[in-house]
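Heads up, the thing below is written out as structure tokens.
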Amino acid sequence: MAAAIIRDRDNRLCLSRRPEHKHQGGLWEFPGGKVEEGEPLERALARELDEELGMKAVRSQPFMTVRHRYPDLRVTLHFREVTAYTGEPHGREGQPVEWVPLQALSGRQFPAANQPVVTALKLPRQLVIPPEGLGYQDVLAGIDRLDPDSQGLYLRQWSQSDALPELAARCRQRGLRFWIRDDAHLATREDAFGLHLTAKSCGSGAQNYPGILSAACHNEAEIAQAVEWGAQMATLSPVHATPTHPDAQPLGWDRFRALAEGKPLVFYALGGVTPQDLDTALYNGAFGTAGIRAFW
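Just so we're aligned: 275 in numbering that gives the first Met the number 0 is position 276 of the sequence shown, and the numbers increase by one with no gaps anywhere.
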């Protein structure tokens, strides 16, 4: 399937509601439809949006790929962000169509395969981790270099530092989304965008955390634990061998894709990846990439 992320000038998102008699009937979804055998994804989405919504001259780019298993079928959804079109979207097949603000998406009911996309729309493509050994001024300078639109910051080794309030204040000043490690109280106090849980955290305090909850995962059991904690996103690592953890067995992209498939999480590929690996990560079920040296 190909599905569309369509925004208007007010950054609202176009949603349509599935007919009651169809699979997942009555739920809201991102518009799209089936891809014919051998049909390029961009062409398939343009055709479907013309047929369903009356949109013309549609151009799009990859957003993320979700593979999900329902009890009665298995789907692969190639979500694409629409970058250009003509015409006003409307339900040509009688389906309700609405423009919905991003902050209102949580009030709509979506099929399970759409849920990770609802979370991903709030997230940056890159999660940047400062290298170890940096001084306070180096981190401040690095924060000023990051792009708030496409990059977020995981203050991993700075989360328990006395300098955290100043670093958090600089992130907030720049509109940079940042994550705190393991401490829900601290993340709430500093108004962090996210709380990132490691295996040692035991998920303590995570249930009531108001922001984005993420988890560090390396295998099936840790992914299941992240879901039990109520996490919305996860770093999955290591994709490749990395000098940071030389004894860790790399997953490779095939294993990464198998672990991510069907999980209600937004995954970031971590470990030996670079920003140039984003297209590969998208194809294999990730939304973004994360790293240290290649990103900082």
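C-beta atoms are modelled at their ideal positions from N, C-alpha and C, and glycine is treated no differently. If you're wondering where the values come from, they're calculated on a predicted model, not measured in any experiment.
Judged by DSSP in its simplified three-state form, Val272 adopts coil rather than helix or strand.
Here Arg58 is exposed: its Cβ has fewer than 16 other Cβ atoms, across all protein chains shown, within 10 Å.
Just so you know, the alpha carbons of Gly134 and Glu221 end up roughly 32 angstroms apart. Put simply, the segment 31-48 does not touch the segment 95-113. Fewer than three CB pairs are less than 8 angstroms apart. Taking the Cα positions, Ile211 is about 23 angstroms away from Ala162. In the three-state scheme derived from DSSP, where H, G and I count as helix and E and B as strand, His20 is classed as coil. Distance from the Cα of Ala285 is smallest, within the candidate group Trp295, Arg292, Trp252, for Trp252. Of the candidates Pro245, Leu154, Leu126, Leu194, Leu126 places its Cα closest to the Cα of Gly290. Per the DSSP secondary-structure output, Thr64 pairs in a beta bridge with His77. If you draw a 10 Å sphere on the C-beta of Asp181, you find 16 or more other C-beta atoms in it, and that means buried. In this structure, DSSP gives Leu122 a state outside helix and strand, which the three-state scheme calls coil. Linking Gln114 to Ser105 through their CA atoms gives a straight-line distance of about 10 angstroms. By the neighbour-count criterion, in which a residue is buried when 16 or more other Cβ atoms sit within 10 angstroms of its Cβ, Glu189 is buried. The beta carbon of Gly31 sits closer than 7 angstroms to the beta carbons of Met0, Ala1, Ala2, Ala3, Leu44, Glu47 from its chain, once the five residues preceding and following it are set aside; these are given in chain order. The Cβ-Cβ distance between Pro123 and Gln150 falls below 9 angstroms. Judged by DSSP in its simplified three-state form, Ile179 adopts strand.
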